[in-house]
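A.B. asks:
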Amino acid sequence: MSADRLEMHMNRRSFLSAAGAAVVAAGFTDARTQQAAPGQPSRPGSGPARFRTGLVAYSYRQALQAKTMTYEDLIRIAVETGTDGIDMTVYWLPSTADDYLLPLRRLAYRNRVEIYSIGTRVRLAQPTTELRDQQLDELRKWLDVAQKVGATHVRVFGGAKPDGATLDQAIGFAAETLKRGAEYSVSRTTAASPTSQRRRLKSSHARTRRGPA
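In structure tokens form, the structure reads like this:
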């Protein structure tokens, strides 16, 4: 077994052990804290929480960047570990063409692995119209990719506060691009697949961050 495969194997074992312990602990806490008092009816939704597990492509960034691992491998690891889905950080995608993305989606579907979301490098807070338009073009590109692989979320960054801008101004820059992206997301999804779940766009930052993102 190669060093890379050995490390991957050990990572799987560690993941399963940690995930199993977390689910057991959370289930115990939920049952203990939400148990109804004697003589009182149970509250709706007070049963054990339903956890869905996921793998994040970024956790395998070194192997993906070195091309010793593929996104298809990530789906196979999810199958081997009994993981429900993946977050597909897109930094190392070899292509965004249909002849790559659609077979990837089919592989995930055949193996009952959900592609929850894709993570992008989009930075929303840009000080000029030209830069905001550039980020909007990137955002639209990845919204199209998300639709093709069946992801329901696209993760973006608020970005760094531009030099000379106030925090409120930076938030305004980010909100403008996010709003335009959301408008495209709704129209694109409806036009392409009217029966699918509406694609939701979320920023990975509740507020625009101070300093480098």
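End of the sequence shown = 214 in this note's numbering, gap-free, step of one.
Don't be surprised by glycine CBs; every beta carbon is placed ideally from N, CA and C.
Just so we're clear, the structure is a prediction, and the values are computed from it rather than from any experiment.
Can you find at least 3 beta carbon pairs, one from the segment 58–66 and one from the segment 80–99, that sit closer than 8 Å?
C.D. replies: Touching, yes, given that three or more Cβ pairs across the two stretches are closer than 8 Å.
A.B. asks: Using only CA atoms, which one of F158, Q136, T129 lies nearest to G165?
C.D. replies: Working through the sequence shown from its first residue, we reach residue 165 at position 164. The option with the nearest alpha carbon to G165 is T129.
A.B. asks: Going by DSSP in three states, Y110 sits in which element: helix, strand or coil?
C.D. replies: Residue numbering aside, residue 110 sits at position 109 when the sequence shown is read from its first letter. Y110: helix per DSSP, three-state reduction.
A.B. asks: Have a look at A175, T178, T54, E177 and flag the residue whose alpha-carbon is nearest the alpha-carbon of R113.
C.D. replies: Position 112 of the sequence shown, counted from the first residue, corresponds to residue 113. It is T54 whose Cα lies nearest to the Cα of R113.
A.B. asks: Output the distance between the C-alpha atoms of P104 and L168, rounded to the nearest integer angstrom.
C.D. replies: Translated into positions along the sequence shown, residue 104 becomes position 103. Translated into positions along the sequence shown, residue 168 becomes position 167. Their Cα atoms are separated by approximately 43 Å.
A.B. asks: Work out the CA separation of K180 and I76 for me, nearest whole Å.
C.D. replies: As a position in the sequence shown, residue 76 is number 75, starting the count at 1. As a position in the sequence shown, residue 180 is number 179, starting the count at 1. Taking the straight line joining both Cα atoms gives about 32 Å.
A.B. asks: Enumerate in chain order the residues of its own chain whose CB-to-CB distance from A1 is below 6 Å, with the five nearest sequence positions on each side excluded.
C.D. replies: Residue 1 lies beyond the stretch modelled for the chain, which goes from 2 to 214, so this question has no answer here.
A.B. asks: Please list, in chain order, all residues of the same chain as R124 whose beta carbon is under 8 Å from its beta carbon, the five residues on each side excluded.
C.D. replies: By one-based count along the sequence shown, residue 124 stands at place 123. Around R124: Q136, V157, F158, G159, G160, A161, A214.
A.B. asks: Grouping DSSP H, G and I as helix and E and B as strand, with all else coil, what is G55?
C.D. replies: For the purposes of this step, residue 55 is identified with residue 54 of the sequence shown, where counting begins at 1. Strand.
A.B. asks: Near Y185, what residues of its chain come up, given a Cβ to Cβ distance below 7 Å and the 5 sequence neighbours on each side ignored?
C.D. replies: In the sequence shown, counting from the first residue as 1, residue 185 sits at position 184. Around Y185: R141, L144.
A.B. asks: Looking at A126: is its Cβ nearer than 8 Å to the Cβ of A183?
C.D. replies: Within the sequence shown, numbered from 1, the residue matching residue 126 stands at position 125. Within the sequence shown, numbered from 1, the residue matching residue 183 stands at position 182. No, Cβ-Cβ distance for A126 and A183 is not below 8 Å.
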